[in-house]
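With UniProt numbering applied, the sequence shown corresponds to residues 1 to 170, in that order. Have a look at the structure below, then the notes.
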Amino acid sequence: MTNTRNIFLYLIAMVLLVACDTSNIPETAVSVDLGSKQTNKVLHDDGILKFNSKNLYKGDTLSITLPVPHPKELAIKAPNGTWFYLHVENEGATEMLMPKEKFAALKELDLDTGKLEARYWDDGKAMRGKVFAETGTYLIYMANNLETEPDNTLHFSSLIQYSTSTKSSY
1 MTNTRNIFLY LIAMVLLVAC DTSNIPETAV SVDLGSKQTN KVLHDDGILK FNSKNLYKGD
61 TLSITLPVPH PKELAIKAPN GTWFYLHVEN EGATEMLMPK EKFAALKELD LDTGKLEARY
121 WDDGKAMRGK VFAETGTYLI YMANNLETEP DNTLHFSSLI QYSTSTKSSY
């Protein structure tokens, strides 16, 4: 009887674990549906990451000043909710902006908004695509482990605005 009870409790625990999985979406970032458009809403912008500008236009360079030490991995969440993985240590050289030792010591990171591409997931398939492809709010997210909940890892997060128009269009 005790063995059957233990198996039953184990199965219940596994069902709850699967049901509570949030697909590794950091809890500091939630998508809010505003009609047909979505925006990123950060529950806290920790102010640790510093930017040359938080309002960028097509072709601008995004310069991020990083504290040292800083988290080991970097991702950007687009306005449509897509996560782009720019620097992930355990994914091989193709998913790293530079060698991990150089990234760990980095004090400033420059990203070309017109050319930056990174890996993202679409229906379980790894794809590569342009990160800054739409106008809206982007979440810059750094963590020691992008595949875990923010409470379990050192992480920083900030928001920036990006427009697909050039500055001269305004």
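Ideal Cβ positions, reconstructed from N, Cα and C, are used throughout, including at glycine.
(request) Over the uninterrupted alpha helix (DSSP H) stretch that includes alanine 75, give me the two end residues. (result) Here alanine 75 belongs to no alpha helix (DSSP H); instead the beta strand (DSSP E) covers 73 to 77.
(request) Rounded to whole angstroms, what's the CA-CA distance from glutamate 101 to proline 69? Just pull it up for me. (result) Computed Cα separation, rounded: 12 angstroms.
(request) Quick one: measure Cβ to Cβ for threonine 137 and lysine 58, integer angstroms, because I've assumed they're closer than 8 angstroms. (result) Between lysine 58 and threonine 137 the Cβ distance is about 16 angstroms, and since that is not below 8 angstroms, they are no contact.
(message) Quick check: the Cα distance between leucine 154 and lysine 115, rounded to an integer number of angstroms?
(response) 29 angstroms
(request) Measure how close the beta-carbons of phenylalanine 84 and alanine 126 come, nearest whole angstrom, since I'm counting them as under 8 angstroms. (result) About 12 angstroms; that fails the 8 angstroms criterion.
(message) I'd like the list of long-range same chain contacts for alanine 133, defined as Cβ closer than 8 angstroms, with 5 residues on each side in sequence excluded.
(response) Ala78, Thr164
(request) Over the uninterrupted beta strand (DSSP E) stretch that includes alanine 133, give me the two end residues. (result) No beta strand (DSSP E) holds alanine 133; DSSP gives it neither H nor E.
(request) Measure the alpha-carbon distance for leucine 139 versus alanine 105 and round it to whole angstroms. (result) 22 angstroms
(request) Compute the Euclidean distance between the alpha carbons of isoleucine 160 and proline 99, then round it to the nearest angstrom. (result) 26 angstroms
(message) Classify threonine 148: buried if its beta carbon has 16 or more other beta carbons within 10 angstroms, exposed otherwise.
(response) exposed
(request) With a 10 Å radius around its C-beta and 16 neighbouring C-beta atoms as the bar for buried, classify tyrosine 162 as buried or exposed. (result) buried
(request) Go ahead and pull the three-state DSSP assignment for serine 163. (result) strand
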